[in-house]
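Working notes for the structure below.
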Amino acid sequence: MIQITDIKVPAEHMDISYVTSAAAGLMKIAPSEIRALRLTKKSIDARKKNDIHFVCSVECEIKNPATEKLILSRKIKNISRAVPYVYSVEKRPMREQRPVVVGSGPAGLFAALILAMGGQNPIILERGGDVKSRRASVERYFGGGELDPVSNIQFGEGGAGTFSDGKLTTGTKDKRIRFVLEQFVRAGASEEILYSAKPHVGTDVLMNVLVNMRSRITSLGGEYRFFTKLHDIAVSDGRLKSIVVSSSEGEEILAADNVILATGHSARDTFEMLYRRGIPMIQKPFAVGARIEHSQNLINASQYGESANRTELGAADYKLAVHLPDGRGVYTFCMCPGGYVVAAASEPESVVTNGMSLFARDGANANSALLVGVNTSDFGSEHPLAGVEFQRRIERAAYAYTGSSRAPAQLVGDFLAGKPSASFGETLPTYRPSVALGEISCCLPGFITDSMKSGILLMDRKLKGFACHDAILTAPETRSSSPVRILRGENMQSPAASGLYPCGEGAGYAGGIMSAAVDGMKCAEMILEQ
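In terms of the numbering used here, the numbers along the sequence shown are unbroken and rise by one, the last being 536.
So this is what it looks like as structure tokens:
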């Protein structure tokens, strides 16, 4: 098998036959000598607006072994022998006590899958509902109904990522990433995620993927318990002995000597319980800001120029970051092309925003989180959970401003001018149930809004139109990452409770679907290796 990288493909010729011919040309053979070819990477190079093209990498199977040997002997640039990918899970004897996974987000999902593949029949506890019932409660909330504090955007099957863009990008260079992508495809995601440089599943597809992955885990002996919350833990002589879980049927004690804590970053009551039980944790910096919405057409034009209407290119995205003179960082996060701003609160009388895209990314607006770095010195307290209270103050101030689940919103032009907004321009907000026009400073601290203003103007130099007057800021965005890190050692376990595995984004060890999934796998592997 031969690997070829950096194949330039004009946007109008992006199909497998063109790529095959181009690959054959680089190898100096006829296309007919290629038995099979598959894309391993596909990205867009839009650095030059008059030369926007795709850059592809492929793996080729050559019909004649002698021809393959000849190709490799030429030592042609960007051509090498393909290294086969292998990740396997060895089935182990059943442990005396079944391992427990708390949370079914990406970390919990892949921890459970690896444990199930390893023959351990894990129990998966999820405080929220299965994806179908969860979707119903979320839609009621979007429609103006009351928040379900148990099953919502943050809590339920799939975690917070279920209602997102389903973005699978990561800076992690871990061998497990390929496995995660393959499992998503096996469960119904598009094969594009195996080679796209910026893969995404889309919230609509992700819901079906979760159902299929749950079915596989249960077929391997796993057991899901929805609407079941971790209520307490019991530790003796530095070792986890049991846990207490609560559901509509009451409380139950489960003997458990291996528990993976994959609760997500919004399980505030769980953080509080762990703190009371002496589980070591520390404050962690995070970021706060608002969602910024532009017309998707504006973003396409800014990124692709005259090629903006080419369907092959899809909805354009962006990723921006600037550093201010005072040392603050301002950056965009979780950019959702053709997406929607969504209501993401998990506590009553609070307002939280997030972003979401369907697989097609065909909405009229583009949105992303516009965030300002928050240091632990900004929390106002040295308590390990001070960051949680910092978030709460902002979320409750937003609710107090609107008196409901409506979110405070302001046009970018008015925000920069320091005046409240009274009407929309050409871009209309996508947040449901609705927004309350005014000033987002009603809930965000002054150092956040000041930094956002400076950041918007600097980002406009990088992305033309970013500071356009009619763009909309919807606040607040407070749940970009965990404000807490639950400490663990090299063995992935809490130093105060052997057998307790703080895991994923909520524990402070991941920053997205992929890194969380990989962290879940590592914790599960550690249990299997014991």
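No residue lacks a Cβ here, since even glycine has one placed at the ideal position from N, Cα and C. Note that this is a predicted model, so its numbers are computed, not measured.
Could you check whether residue j and residue i sit closer than 8 Å to each other, using their CB atoms as the reference points?
{"i": "Ile35", "j": "Ile77", "result": "yes"}
{"i": "Ala516", "j": "Ala522", "result": "yes"}
{"i": "Gly369", "j": "Thr433", "result": "no"}
{"i": "Val490", "j": "Phe339", "result": "no"}
{"i": "Val106", "j": "Leu260", "result": "yes"}
{"i": "Ile454", "j": "Gly295", "result": "yes"}
{"i": "Pro426", "j": "Leu153", "result": "no"}
{"i": "Arg146", "j": "Gly125", "result": "no"}
{"i": "Ile120", "j": "Val92", "result": "no"}
{"i": "Ile223", "j": "Ala118", "result": "yes"}
{"i": "Glu163", "j": "Gly194", "result": "no"}
{"i": "Glu578", "j": "Arg87", "result": "Summary: the structure shown does not reach residue 578, with the chain confined to residues 7 through 536, and so no result is reported for it."}
{"i": "Glu458", "j": "Leu376", "result": "With the sequence shown as reference, residue 458 is identified as Met, and Glu is not the correct amino acid for it. Yes."}
{"i": "Ile298", "j": "Leu479", "result": "yes"}
{"i": "Val265", "j": "Glu258", "result": "no"}
{"i": "Pro390", "j": "Ile239", "result": "no"}
{"i": "Leu216", "j": "Leu506", "result": "no"}
{"i": "Lys14", "j": "Arg41", "result": "no"}
For the beta strand (DSSP E) that contains residue i, what are its first and last residues?
{"i": "Phe161", "result": "Here Phe161 belongs to no beta strand (DSSP E), and DSSP marks it neither H nor E."}
{"i": "Lys14", "result": "8-16"}
{"i": "Gly335", "result": "335-342"}
{"i": "Pro112", "result": "It is not in any beta strand (DSSP E) - Pro112 instead sits in the alpha helix (DSSP H) that spans 112-123."}
{"i": "Arg491", "result": "490-492"}
{"i": "Val328", "result": "327-329"}
Identify the continuous alpha helix (DSSP H) that holds residue i and give its terminal residues.
{"i": "Cys529", "result": "519-535"}
{"i": "Asp456", "result": "452-468"}
{"i": "Tyr281", "result": "274-282"}
{"i": "Ile22", "result": "22-33"}
{"i": "Ser221", "result": "209-225"}
{"i": "Leu131", "result": "No alpha helix (DSSP H) holds Leu131; the beta strand (DSSP E) holding it covers 129-132."}
State the CB to CB distance for the pair residue i and residue j, rounded to an integer number of angstroms; the pair is presumed to be in contact (CB under 8 Å).
{"i": "Ile159", "j": "Ala349", "result": "7 Å"}
{"i": "Phe165", "j": "Gly109", "result": "According to the sequence shown, residue 165 is Gly rather than Phe. Yes, they are in contact, since the Cβ atoms of Gly165 and Gly109 sit about 7 Å apart, within 8 Å."}
{"i": "Phe116", "j": "Gly526", "result": "4 Å"}
{"i": "Pro291", "j": "Val380", "result": "6 Å"}
{"i": "Val524", "j": "Arg182", "result": "5 Å"}
{"i": "Pro343", "j": "Ala314", "result": "Not confirmed; about 13 Å, so no contact."}
{"i": "Leu200", "j": "Val191", "result": "6 Å"}
{"i": "Glu511", "j": "Gly270", "result": "6 Å"}
{"i": "Ala415", "j": "Leu443", "result": "6 Å"}
{"i": "Ser157", "j": "Ser170", "result": "Actually they do not touch by this definition, with Cβ atoms about 16 Å apart."}
{"i": "Glu318", "j": "Ala17", "result": "5 Å"}
{"i": "Glu74", "j": "Ile8", "result": "6 Å"}
Identify every residue that forms a DSSP beta bridge with residue i.
{"i": "Thr359", "result": "Ala349"}
{"i": "Ile478", "result": "Glu299, Leu417"}
{"i": "Ser63", "result": "Lys47"}
{"i": "Ile266", "result": "Val107, Tyr507"}
{"i": "Val89", "result": "In the DSSP output, where bridge partners are listed per residue, Val89 has none listed."}
{"i": "Ile239", "result": "Ile249"}
{"i": "Glu483", "result": "Gly295"}
{"i": "Val441", "result": "Ala413"}
{"i": "Ile183", "result": "According to DSSP, Ile183 bridges with nothing at all."}
{"i": "Asn371", "result": "Ser301"}
{"i": "Ile68", "result": "Ile40"}
{"i": "Lys173", "result": "His206"}
Where does residue i sit, in a helix, a strand or coil, going by DSSP?
{"i": "Phe233", "result": "coil"}
{"i": "Gly379", "result": "strand"}
{"i": "Cys448", "result": "helix"}
{"i": "Ile82", "result": "coil"}
{"i": "Glu197", "result": "helix"}
{"i": "His389", "result": "coil"}
{"i": "Gln289", "result": "strand"}
{"i": "Glu255", "result": "coil"}
{"i": "Glu188", "result": "helix"}
{"i": "Lys138", "result": "helix"}
{"i": "Ala261", "result": "strand"}
{"i": "Gln204", "result": "Position check: residue 204 holds Lys in this sequence, whereas Gln was assumed. DSSP places Lys204 in coil when its eight states are reduced to three."}
{"i": "Ser313", "result": "helix"}
{"i": "Asn56", "result": "coil"}
{"i": "Arg98", "result": "coil"}
{"i": "Ser308", "result": "helix"}
{"i": "Ser500", "result": "strand"}
{"i": "Ser143", "result": "helix"}
{"i": "Cys152", "result": "Reading the sequence as shown, one finds Glu at residue 152 and not Cys. If DSSP states are grouped into helix, strand and coil, Glu152 belongs with coil."}
{"i": "Ala473", "result": "coil"}
{"i": "Tyr405", "result": "helix"}
{"i": "Lys425", "result": "coil"}
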